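The structure appears below as structure tokens.
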Amino acid sequence: MNMIDVISKKKQRQDLSEQEITYVINEFVKDKVPDYQMAALLMAIYFNGMSAAETAMLTMAMAHSGKVVDLSPLAGIKVDKHSTGGVADTTTLILAPLVAAAGVPVAKMSGRGLGFTGGTIDKLESIPGFRVNLSEQEFIDNLKRLNIALTGQTPSIAPADGKLYTLRDVTATVDSIPLIASSIMSKKIASGADKILLDVKTGQGAFMKDITQAIELATLMVDIGHKVGRETLAVITNMDQPLGMAIGNSLEVAEAIEVLRGNGPQNLREICLQLGSHMLVMGQVAPDFQTGYKILEHILDSGKALAKFQNFITAQGGADIINNQGVLPQASILCDIYCQQEGYIQHIDPAGLGLAAMKLGAGREFKGQAIDLSAGIVIYHKVGDQVFKGQKLLTMFSNDESKINNVKENIVLNFSIVSNISQVVKPQLIMGIVDQTGFKPFS
Ligand code: URA
Ligand code: CA
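Positions in the sequence shown are counted from 1; adding 574 to them yields my numbering.
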């Protein structure tokens, strides 16, 4: 077999065979396929797509490119949640301790942010002392003892995805449905969860800009999961405005603590309760969604989820941030931006704000770049809110005055304000679910 033939075949819109796909992945992981040939194949896949069968074969080849973790010796049904990526998605920080406190074991592998999207690992690293790289034994011990353990991506699990993702990122081939589906599902299958809950984001702050694409991606991933015996459910959620009010690493940790205290932004609380309720049903801790929802509301409002969060942080070496939030990195420069006109907020561009937060130091422009964990943005309004001239719209946080000055001028352009409320359509937070029987819109 040779790589040129495989590239040509995909260039001519033909389906690749299982042997061809396995050959490409295995040779690529062994560094026997150079990046330029793999980049050409990725671009051919980007333009010509893959059938559902090809995508499933690619997923399995990637899942088996490294170690496949066996969590079966651990008690309980392990349910893993994965988001397709978005701006200021603080969900995992809240959801993981919340469902762990309810009795669902959470064994989670998370990533770092890149470009305008954030990553859970970066957020947790803003907690002094917190260790994101646990040994396998520590991971299992913590999981047994606390029902929750979280680690960064390791090179031994789905290494094909690590290499492919880096290459996709610099060849403009990230936003391809078969490539996203195989990337996510290969990691989930290799990291050993029994069941998988997917948060498929759609809208301006997500890779899938419209709901039709999001449903297609969700359906593909749900089918792949079921083919390999892992019950998979996808919730389609909206990212047409930032989730919560905070964008940036330590700012989002602080925001998560607020939600875990029973306060915090309503849309962030709601998405965690909804995703968590599905996890409780999948983990057979609740008989149905409504019961799950009630259980989680109680756990959140009683402080049990907050206590679980701190226990989890302490177990991974982190400081006591519940009683002493001041230990989180604080920016030395704060800059408020005020509303220039009166009216109603019609739109807040999440990708634009994500990019601005990145420029303030919260994210990386290239891989491996050091980030400012205290940098970011806090907004004070959501779509539909009435605002007045001179009212505070947002605060920028950074340690670098030149970065603030650079972002300051255009940041208001991420908000559109109209004079009449009738011109405002509030985005729906949860669009629906995709299970084996198809898409069910949420009304
Ligand atoms: N998240 C992933 O893990 N992979 C993708 O390709 C996109 C989002
Ligand atoms: Ca947020």
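Think of the CB as a built atom: it goes at the ideal place given N, C-alpha and C, for glycine as much as any other residue.
The structure displayed is predicted, hence computed values, not measured ones.
- When secondary structure is reduced to three states using DSSP, E601 falls in the helix class.
- In the DSSP annotation of this structure, the continuous segment of the alpha helix (DSSP H) that includes I668 starts and ends at T665 to A676.
- For the pair D946 and A936, the CB atoms are nearer than the 8 Å cut-off.
- By the beta-carbon neighbour count (other beta carbons within 10 angstroms, threshold 16), A860 is buried.
- Of the residues K604, T811, N841 and V809, the one whose Cα lies closest to the Cα of A820 is N841.
- In the three-state reduction of the DSSP assignment, T596 falls in the helix class, which pools H, G and I.
- Spatial neighbours of A618 in its own chain (CB-CB distance under 7 Å, excluding positions within 5 residues in sequence) are listed in chain order as I581, K584 and K585.
- Nearest C-alpha to M782 among I763, K604, D735 and A755: A755.
- Distances between the C-beta of K641 and the heavy atoms of ligand 1 are all 7 Å or more.
- Within its own chain, the residues whose Cβ lies closer than 7 Å to the Cβ of I887, once the five positions on either side in sequence are excluded, are I701, F704 and I895, listed in chain order.
- Two segments are said to touch when three or more pairs of C-beta atoms, one from each, lie closer than 8 Å; by this definition the region 806-813 touches the region 787-796.
- Taking the CA atoms as reference points, S876 sits about 13 Å from P671.
- Scanning I985, R938 and K878 for the CA closest to the CA of I953 turns up I985.
- Per DSSP, P1001 lies in no beta strand (DSSP E) segment and is marked neither H nor E.
- In this structure, the CA atom of I951 is about 16 Å from the CA atom of Q965.
- A straight line joining the alpha-carbon of V957 with that of Q914 spans about 16 Å.
- Comparing C-alpha distances from S824 to each of G693, Q1010, L669 and A930 shows the shortest one belongs to G693.
- Counting along the chain, E939 sits inside no beta strand (DSSP E), nor does DSSP assign it H or E at all.
- P816 counts as buried, since no fewer than 16 other beta carbons sit within 10 angstroms of its beta carbon.
- According to DSSP, residue pairing for D910 in a beta bridge involves T969.
- Between L847 and V673, the gap from beta carbon to beta carbon reaches 8 Å or more.
- The closest heavy atom of ligand 1 lies 7 Å or more from the beta carbon of K583.
- Of all C-beta pairs linking the region 722-740 to the region 768-782, fewer than three are shorter than 8 Å, placing the two stretches out of contact.
- Here K762 is buried: its Cβ has 16 or more other Cβ atoms, across all protein chains shown, within 10 Å.
- The residue from T596, G623, L669 and K737 with its alpha-carbon nearest to that of Y610 is K737.
- Rounded to the nearest whole angstrom, the CA to CA distance from A944 to D749 is 25 Å.
- In terms of CA proximity to A675, N721 leads the group N721, R686 and T665.
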